[in-house]
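Residue numbers (mature numbering (1 follows the signal peptide of the UniProt record, and there is no 0)): -23 to -1, 1 to 814.
Right, one structure below, let's go through it.
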Amino acid sequence: MRPTRLQSLAILTGLTTLPSTFAWGAAGHEIVATLAQIYTQPDVLDKICSILNAYTDLEDQIHEDEFSMTTTHKCHLASIATWADKLKYRMRWSAPLHYVNAVGDHPSDICVFPGPEGWSGKPNINVLGGIYNTSNILLEYAQGEDERVMDVGLAQEALKFIVHFIGDMHMPLHLVGRDKGGNGVEVCWEGRRRKFHSVWDNYIVAKAIRDTGNNYSRPLPGGYEPVERHLRGAIYDPYIRRIIWEGVEGRWVEDLDGWLDCPKVDEDARKEAVKKGVFATLGNVFLPGWLTNWGTAETTVTDTDAICPYHWAKPIHALNCELLWPKEMDEPFSGTSAHRRPRCKRWSEEEQREVVDIDEEPPYELDNPDYMTPIQERMLLEQFLAQGGTILSYLSHLITKHDSSFFKETIMPIHGLKSLGKVNPPHFNIENVIRPNILSLHPYRCARDDYSEGILLDANENALGHSIPKPTSSSNTEEGLTADLVDTLDLDLHRYPDPSHPKIKSRIAALRGLPSTEYVFLGVGSDEVIDLLMRVCVVPGKEKIVITPPTYGMYAVCAQVNDVGVVKVPLELSNVNGEGGDQGRFSVRVDEVLETTAADSNIKLIFLCSPGNPTSTLISLTSIHTICSSPTFKGILVVDEAYIDFASSSSSSKPVSAVSLIQDYSNLVVLQTLSKSFGLAAIRLGIALAQPPLIQILSNTKAPYNISTPTAHLALTALSPTSITGMQNKVMNLVKNRSSLLDRLFNSEGTKYNLGKPIGAGDGNFIMVPVLSKDGSGKKDNERAQRVYKVLAEENGLVVRFRGNEVGCEACLRITVGTEEEIEEVVERMGKVFKYY
């Protein structure tokens, strides 16, 4: 793997120029900012950039790296990460805001944060206070930005400061009171005298960048586009990849929430401390209102329940005593015991003793195994940088979305879906089918996910209830009927609905013979599920689906909406002329479908309608098995069974639904609905049945409250044992009526000579029949069929569906099976129309 030109130059020079150009100063601060940007959602980043670009177009230009996906960014947080350092010498008042020192703090023997004497300097004029203050400025601006346009300059500078302050807080020596954070202690680093503080600020980061393996010089494998999108082609890009791969995605994956947690704060006590505090002024402050009343040194006023810099910094400070400030530096030194102290690299023992003669004590070499090995093994430097990036991104989401739980529940980390049990077929890998940005999602956490009982004041609902008046008397008006319905159902319409509906899922799983609710997803009709499958699986503008016309039209419509390609493999129609008295039947060209998918790796979904619409033909389970098990198809097969209950009422004891194959195939999804057999088209409840990993992905991606309370109430009732029995009885009656409709149409004098044999197998709640030419030739007549369709609807009040433009459906009318009375009307009215048209 060959390094880039910039990396090669760095290796040749030993990165000797890096500290002056990149320091926790620059490299460390820019790494923190880049990590934050990687984990910041696009809409949040847009709001942040609108603040930074208020007066100028802040375009980030940086050296182009061979492997960088994006080299020019509109607004990159890294480009402002060192702004506060560059100006602090001009803005002397801001210098104390870069660190915090506790009086009496003297690692490695004494660690206080703070001790009885509190913080040095003016109360809370330190990095903790700086983070608290700037975050509150940004919160106030975000909450009232429409009315406070003139304050965008204040928000802009507060944002530049907080990006830097978060980095400072995660550099351990910025939290140490001893010797000005180590600035007064001289050590050796790689054979040269350095300030202890400078080693941690600059050189230790440079070493980590230099020592990063070549395996991180290329993009991370699969699913990490958000990482590459925000890298800047900088020399530290490989190091960022390592931090994410080995740290955020590896050893810290279970610790991320803990990094962000804030303890419960007694807010009244905190506010009282602020009132009693000292008003601090620092001279010529160019940020009006930037400094506020603070509490006393004995009181921590910087932390709230959501933003807690003191709580975040405390465990970092503790590491100074535990490890980062070597105990050996404080041990008495004598010339006879020089061997106990690591020599400066490249110094001979004689040179070391000469220094002893002059300086009384030689500098301690930090770059030695005893010091560096535990730091490297625990990845402490990387952890500090990752924690800074995580907290900065968290604050960005909190400031713009005003929700302290949002980031923790939905953003971190970018991760692959964990496997659940054995995968069949073996060649199927769900991570290769699902779009990478979808794999990284955690579900949006709703208010009702945590608590659903008690005094609910957590979701900003209208506590006074819905606005529909209670019924005062019987009324046939629309308002009166609605009031009666709401009152009868006793629905809490002012409350958000249950986001997951486990009771409904449990009843569906039991009805369809599946092990648990983990196999069930609910959507707003099947159309939402179809759209969702395309959004989670198919990359717009690149990848494709397969459909088998004639089929349900929404597959192609959803594909066009999502900018997804459509490949058509038409169904095969046999016995098209009804020879031998059999109607024409459709079947899937399985070999052609698999040849198509084998030839195009961009095909991610196959949609089969079974029983078909408009074909009313059941797809054989053998065909479904063959496609799912074929190693040439790496995607997902979607079988749409909206009409399955009309087919399953046949006398055959063998299963006809593809649900019977779900536990066998990880790449199979079966769609069902309450619209057809249950007769609940108005409530819009669609169902997806699949193995748990795919169901979880759909659940992660859906809108949080997609199924309304009235829909859920009616669905739960429809899935009760009594209602299911009623549904099954109605299906039996409709199947009976289907036979009656066919019999009447083909035995009535008015219709039998005008209609050809029905197309399809008759497995739905409809039939499809071709209209023949009036001249008695027996040929299908598409123009006549369309004319009959319009006359029936416009002059006779009978609405059927013209399907003559579909593949294999020339001159066909699709007629839904109605009641016995409606069947009489169909035969009579069609006979009259055929007489004249």
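Cβ atoms here follow ideal geometry from the backbone N, Cα and C, with glycine treated the same way.
The beta carbon of residue 106 is closer than 6 Å to those of 279 in its chain, skipping five residues each way along the sequence. The bridge partners DSSP lists for residue 83 are 87. Between the region 475 to 487 and the region 689 to 697, the count of C-beta pairs closer than 8 Å reaches three or more; the two stretches touch. Considered as a whole, the region 488 to 552 harbours 502 to 514 and 531 to 538 as its complete alpha helix (DSSP H) runs of no fewer than 4 residues, in chain order. Taking the CA atoms as reference points, residue 86 sits about 16 Å from residue 78. Here the C-alpha atom of residue 288 lies approximately 10 Å from the C-alpha atom of residue 281. With respect to residue 638, residue 671 sits apart: the two C-beta atoms are not nearer than 8 Å. Under the three-state reduction of DSSP, residue 163 is assigned to strand.
Taking a 10 Å sphere around the C-beta of residue 161, we find fewer than 16 other C-beta atoms and assign the residue as exposed.
At a Cβ-Cβ threshold of 8 Å, residue 685 and residue 351 do not count as neighbours. By the 16-neighbour rule on beta-carbons within 10 angstroms, residue 551 is exposed.
Put simply, the backbone Cα of residue 526 is about 10 Å away from that of residue 565. Annotation for residue 793: the continuous beta strand (DSSP E) segment containing it runs 789 to 793. Counting only runs of 4+ residues, the alpha helix (DSSP H) found wholly inside the region 91 to 153 occupies 104 to 120 and 129 to 146, in chain order. Around the beta carbon of residue 530, fewer than 16 other beta carbons sit within 10 angstroms, so the residue counts as exposed. In terms of Cα proximity to residue 191, the closest of 613, 54 and 218 is 218.
The residue among 144, 663 and 17 with its C-alpha nearest the C-alpha of residue 679 is 663. Here residue 63 is exposed. Its C-beta has fewer than 16 other C-beta atoms within 10 Å. A Cβ-Cβ contact shorter than 8 Å links residue 515 with residue 522.
Going by DSSP, residue 664 is part of no alpha helix (DSSP H) but of the beta strand (DSSP E) stretching over 663 to 666. Using a Cβ distance threshold of 8 Å, residue 290 and residue 140 do not count as a contacting pair. Within its own chain, the residues whose Cβ lies closer than 6 Å to the Cβ of residue 649, once the five positions on either side in sequence are excluded, are 618 and 664, listed in chain order. Taking 8 Å as the cut-off, the beta carbon of residue 604 is found no closer than this to the beta carbon of residue 633. For residue 291, the uninterrupted alpha helix (DSSP H) segment begins and ends at 286 to 296. Per DSSP, the continuous beta strand (DSSP E) segment holding residue 747 begins and ends at 743 to 747. Residue 540 and residue 533 have their C-alpha atoms some 10 Å from each other. Residue 645: member of the beta strand (DSSP E) spanning 645 to 650, first to last residue. Going by C-alpha positions, residue 469 is about 21 Å away from residue 499. CA-CA distance, residue 574 to residue 544, rounds to 10 Å.
Put simply, the region 339 to 350 touches the region 299 to 306. At least three CB pairs are less than 8 Å apart. In the assembly as shown, residue 112 is a buried residue. Its beta-carbon has 16 or more other beta-carbons within 10 Å. Secondary structure of residue 26 (DSSP, three-state): helix. Judged by DSSP in its simplified three-state form, residue 732 adopts strand.
Judged by pairs of C-beta atoms under 8 Å, the region 754 to 769 touches the region 789 to 800, as three or more such pairs exist. Here residue 701 really is in contact with residue 488; their C-beta atoms are around 7 Å apart, less than 8 Å. In the DSSP assignment, residue 234 falls within the unbroken alpha helix (DSSP H) covering 233 to 237.
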